[in-house]
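Colleague:
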Amino acid sequence: MIRIRRRTAARTPAGVAGAEPGPGFEITFDGSPVHALPGQSVAAVLWAASVLSWRTTRVNGEPRGAFCGIGSCFDCLVTVNGLPGRRACLLPARPGDVVTTQEGDGHAGLLH
Amino acid sequence: MPVSSTEAHDSADAPPFTELAVVGAGPAGLAAAVTAADGGLQVILLDAADAPGGQYYRAPAPGLGATRPEALHHGWARFAGLRDRLDRHRGVGRIRHLAGHQVWAVERTGADWTLHAVTGPDGGGSAALRARRLLIATGSHERQLPFPGWTLPGVVGAAGAQAMLKSGLVLPGRRIVVAGSGPLLQAVAVSLARAGAQVPVLVEAGGYGAYGRAPLVLAADPGRLREAARHGAALVRNRVRVLTHHAVTAVHGTDRVEGVTVSRLDREWRPLPGTGRRIDCDTLAVGHGLVPLLDLAVGLGCATRCGADGVAALVLDEDLRTTVPRVWAAGETGGIGGVQLALTEGELAALTVIDEARGGARGRGARRVIALRRARRRMRAFAELMGAAHRPGPGWIEWAAEDTEVCRCEEVTAGAIRTAVDELGAGDSRTVKLLTRAGMGWCQGRVCGFAVRELAGCAAEAGAPDRRPLACPVPLSTLARAVRHEDG
Ligand SMILES: Cc1cc2nc3c(=O)[nH]c(=O)nc-3n(C[C@H](O)[C@H](O)[C@H](O)COP(=O)(O)OP(=O)(O)OC[C@H]3O[C@@H](n4cnc5c(N)ncnc54)[C@H](O)[C@@H]3O)c2cc1C
Ligand code: FES
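Shown next, in the form of structure tokens:
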């Protein structure tokens, strides 16, 4: 097999993997549209949009986002389509998903 | 034939039965499953992920249309071969691959094991199956040590960044400092740089000198030497500077990372005063090696040992049997050792499972078994050396300030842990946990367990396994159903 080194291609993750993704779509994060590629997790979509935090902690209200990347730390919990506590690093993004910053355990807004 | 939750539970029949259940479809579990199937066994392979490969061969999601997935990996051909064999065995029904099945408990039922799994992205579905023999290949997760600022957005796990890059084709930032300890950092720094990030420096708290002091062990594992040389060259090519005996001792920024302070360490990993230097970056990818995931095995009563890296791993005999009859383990569950070791152990474990299932006659595989055993011994010796070289020195606890959060879930500080030990008399990490809630949150101490134990100074507990009754969160409705099933 002949390997062609494409020096012209910008060095991006997609460029390295020769990605030719299917049609992209939009989700929203705190009301703003964010572009997603098929197959990306919610966390990957947010990272691609330079968003690194999407929840605040229960005690000190500190911002947090994805940390372990594999579903074991639970730092990436987020509210998706009204459901709090979803692990963004495991959850595939779907067209039209409404992702909102999760405050504390995410249940405060659900009481009324 | 898929084993769906409804099939498994709504009928009053016993759950589906198999000769061998393999939990984990990483390099170890995959190698084991296809080898066992080659030998004629009926196998069910369960994995929490949607695709086989585990952490090492984690591939971009299909929708991303990666035409060169191998560019993100080394040794992709080996994986492609395993995947083809898996597909062939699936085609003839010898292996059932249950993707998206996370096993939360295994219990003994007569002469068999019953496995319980949650399914679906929400974990809302469930499945159960019975197996005569069990092989645990659940791999590992990253070990973390706390330091001021490590909870700031922009600080991510080094292995986590690697995992997100491989599966989602994303980077957490543009200028990324890679820090911590262990050989995985080299792979991470190279991957991030090749994917377009600027990686100004790789900060390694240990050193590589220990390897040089064990030339025989090194010479016995030439594969590792080649890998180190490859990474070294790639680091130079990508202009990544390597600083050994240094650590990130502070992260700067208010909402997100703006820079880090890197300090020189003494031999015990204590920061040397006055050596701190600031390096600007927008991301810190950090990790201090890996920790075997042992929840299922420990739940079954499998004995563990403390490895040279200071963490618990399963006690295994040379044929990969755990101390519990009819339970085998392979790969990182027997100690952190890398992908080649995982592949070797998976195959070796399966060959011994086949022999046992066939009444102990060692057939044509005898020679192969001897070769695999020898390779395994060699690689395990190297793994111990590696574990010792990068094992956190006792001085790391000085990195944590009083207000540094140790338990990220429950927001418990190092100060609170020290108070529990010094003033409230906590003598073990369980008491620390009860007094402070460290390790009682969502992740059940997966992230902070090692650090809490070391901060609590419970030497006797070093390398003791964590105990978690469930290997992952399980909806109450699923638990209730499993109990009803047992009663019925
Ligand atoms: C996040 C991460 C990234 C890594 N990246 C690299 C890298 O880039 N380069 C490198 O050399 N090494 C890397 N490693 C180390 C690498 O994991 C090992 O060398 C190798 O993959 C070990 O193979 P394994 O089969 O033992 O485990 P793994 O590859 O970890 O496979 C374990 C499998 O078990 C599954 N599993 C775990 N628990 C359950 C359960 N309860 N129920 C069902 N399934 C379960 C997991 O989904 C996973 O697929 C990484 C490790 C981690 C944790
Ligand atoms: S990032 Fe750790 S669970 Fe999602």
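Which chain is which? The protein sequence lines are A and B, in order. If you're matching positions, the first sequence starts at 1 in full-length UniProt numbering and goes up one per residue. If you're matching positions, the second sequence starts at 1 in full-length UniProt numbering and goes up one per residue. Idealized CB from N, CA, C, for every residue including glycine.
For glutamine 102(A), name the three-state secondary structure that DSSP assigns.
Modeller: Three-state result, glutamine 102(A): strand.
Colleague: How about alanine 456(B): is its C-beta nearer than 8 Å to some C-beta of chain A?
Modeller: Not closer than 8 Å to any Cβ of chain A, the Cβ of alanine 456(B) fails to qualify, so no.
Colleague: Quick check: is the beta carbon of glycine 69(A) nearer than 8 Å to any beta carbon in chain B?
Modeller: With 8 Å as the cut-off, glycine 69(A) counts as an interface residue toward chain B.
Colleague: At 3 residues or longer, what runs of the beta strand (DSSP E) sit wholly inside the stretch 21-71 of chain A?
Modeller: Segments of the beta strand (DSSP E) lying fully in the stretch 21-71 of chain A: 25-29 and 32-36.
Colleague: Looking at the secondary structure, which residues open and close the beta strand (DSSP E) in which glutamine 340(B) lies?
Modeller: First-last for glutamine 340(B): 339-357, but that is the alpha helix (DSSP H), not the beta strand (DSSP E).
Colleague: Is the separation between the beta-carbon of glutamate 19(B) and that of arginine 96(B) shorter than 8 Å?
Modeller: No, the Cβ-Cβ distance between glutamate 19(B) and arginine 96(B) is not below 8 Å.
Colleague: Starting from glutamine 162(B) and walking both ways along the alpha helix (DSSP H), at which residues does that stretch end?
Modeller: That run of the alpha helix (DSSP H) goes 158-168.
Colleague: Using a Cβ-Cβ distance cut-off of 8 Å, determine whether proline 69(B) contacts chain A.
Modeller: Yes, proline 69(B) lies at the interface with chain A (some Cβ there is under 8 Å from its Cβ).
Colleague: Serine 477(B): buried (16+ other C-beta within 10 angstroms of its C-beta) or exposed?
Modeller: Label assigned to serine 477(B): exposed.
Colleague: Could you have a look at isoleucine 397(B) and say whether DSSP puts it in helix, strand or coil?
Modeller: Residue state, collapsed to three classes: helix.
Colleague: With a threshold of 16 other CB atoms inside 10 Å of the CB of histidine 246(B), please say whether the residue is buried or exposed.
Modeller: With 16 or more other Cβ atoms within 10 Å, it is buried.
Colleague: Mapping the DSSP letters down to three states, classify aspartate 112(B) as helix, strand or coil.
Modeller: Aspartate 112(B): strand per DSSP, three-state reduction.
Colleague: For proline 33(A) and glutamate 26(A), I'd like the C-alpha separation in whole angstroms.
Modeller: Answer to the nearest angstrom: the Cα atoms are 6 Å apart.
Colleague: For ligand 3, any of its heavy atoms closer than 7 Å to the Cβ of aspartate 122(B)?
Modeller: Ligand 3 is absent from the structure shown, which contains only ligand 1 and ligand 2.
Colleague: Helix or strand or just coil, what does DSSP make of residue 524(B)?
Modeller: Since the first and last residues shown for chain B are 1 and 488, residue 524(B) lies out of range.
Colleague: Verify the contact flag: aspartate 75(A), CB atom, against every heavy atom of ligand 2, threshold strictly below 7 Å.
Modeller: Yes, Cβ of aspartate 75(A) sits closer than 7 Å to a heavy atom of ligand 2.
Colleague: Under a CB-based cut-off of 8 Å, is alanine 14(A) close to chain B?
Modeller: At least one chain B Cβ lies under 8 Å of alanine 14(A).
Colleague: Measure the Cβ-Cβ separation of valine 421(B) and alanine 456(B) and say whether it is below 8 Å.
Modeller: Contact flag set, yes.
Colleague: Measuring from the CB of arginine 87(A), is there a heavy atom of ligand 2 at a distance below 7 Å?
Modeller: Yes, the Cβ of arginine 87(A) comes within 7 Å of a heavy atom of ligand 2.
Colleague: Are at least three pairs of beta-carbons, each pair with one atom in the stretch 400-411 of chain B and one in the stretch 145-153 of chain B, less than 8 Å apart?
Modeller: The stretch 400-411 of chain B vs the stretch 145-153 of chain B: in contact.
Colleague: Rounding to the nearest angstrom, what Cα-Cα distance links glycine 104(A) and valine 80(A) in this structure?
Modeller: The alpha-carbon atoms of glycine 104(A) and valine 80(A) are separated by roughly 15 Å.
Colleague: If distances are taken between C-alpha atoms only, which option among Phe29(A), Thr28(A) and Val42(A) comes closest to leucine 169(B)?
Modeller: For leucine 169(B), the nearest C-alpha among the options comes from Val42(A).
Colleague: Specify the secondary structure class of arginine 278(B) as computed by DSSP and reduced to three states.
Modeller: Arginine 278(B): strand per DSSP, three-state reduction.
Colleague: Around the Cβ of phenylalanine 382(B), are there at least 16 other Cβ atoms within 10 angstroms (buried) or fewer (exposed)?
Modeller: Answer is buried; the Cβ neighbour count reaches 16.
Colleague: In the stretch 248-276 of chain B, which residues sit with their C-beta less than 8 Å from some C-beta in chain A, listed in chain order?
Modeller: Cβ contacts with chain A come from Asp255 and Arg256.
Colleague: What does a CB cutoff of less than 7 Å around aspartate 403(B) pick up in its chain, not counting 5 residues either side in sequence?
Modeller: Same-chain partners within the cutoff: Thr413 and Gly415.
Colleague: Using only the heavy atoms of ligand 1, determine whether one of them is closer than 7 Å to the beta carbon of valine 311(B).
Modeller: No, the Cβ of valine 311(B) stays beyond 7 Å of every heavy atom of ligand 1.
Colleague: Quick one: what's tryptophan 328(B) bridged to in DSSP?
Modeller: DSSP output for tryptophan 328(B) lists Leu135(B) and Arg321(B) as bridge partner(s).
Colleague: On the three-state DSSP scale, how would you describe proline 465(B)?
Modeller: Looking at proline 465(B) - three-state DSSP - the assignment turns out to be coil, as it is neither helix nor strand.
Colleague: Within the present structure, is the beta-carbon of serine 72(A) separated from the nearest heavy atom of ligand 2 by less than 7 Å?
Modeller: Under cutoff, so the answer is yes.
Colleague: Who are the neighbours of phenylalanine 74(A) on chain B, taking C-beta pairs under 7 Å?
Modeller: Going along chain B in sequence order, the residues near phenylalanine 74(A) (Cβ under 7 Å) are Cys409, Trp442 and Cys443.
Colleague: Please list the partners that histidine 141(B) has in chain A, where partner means a Cβ-to-Cβ separation under 7 Å.
Modeller: Those are Cys68, Ile70 and Ser72, listed as they occur along chain A.
Colleague: With a threshold of 7 Å (Cβ to nearest heavy atom), would alanine 66(A) be considered close to ligand 2?
Modeller: Result yes, Cβ under 7 Å from ligand 2.
Colleague: Do you know how far the Cα of glycine 100(B) is from the Cα of leucine 479(B)?
Modeller: Those two C-alpha atoms are separated by around 18 Å.
Colleague: CB of leucine 212(B) to nearest heavy atom of ligand 2: below 7 Å?
Modeller: As written in the sequence, residue 212(B) is glycine, which differs from the leucine given in the question. Result no, Cβ not under 7 Å from ligand 2.
Colleague: With a cut-off of 8 Å, does the C-beta of threonine 79(A) fall near any C-beta of chain B?
Modeller: No, because no Cβ of chain B sits closer than 8 Å to the Cβ of threonine 79(A).
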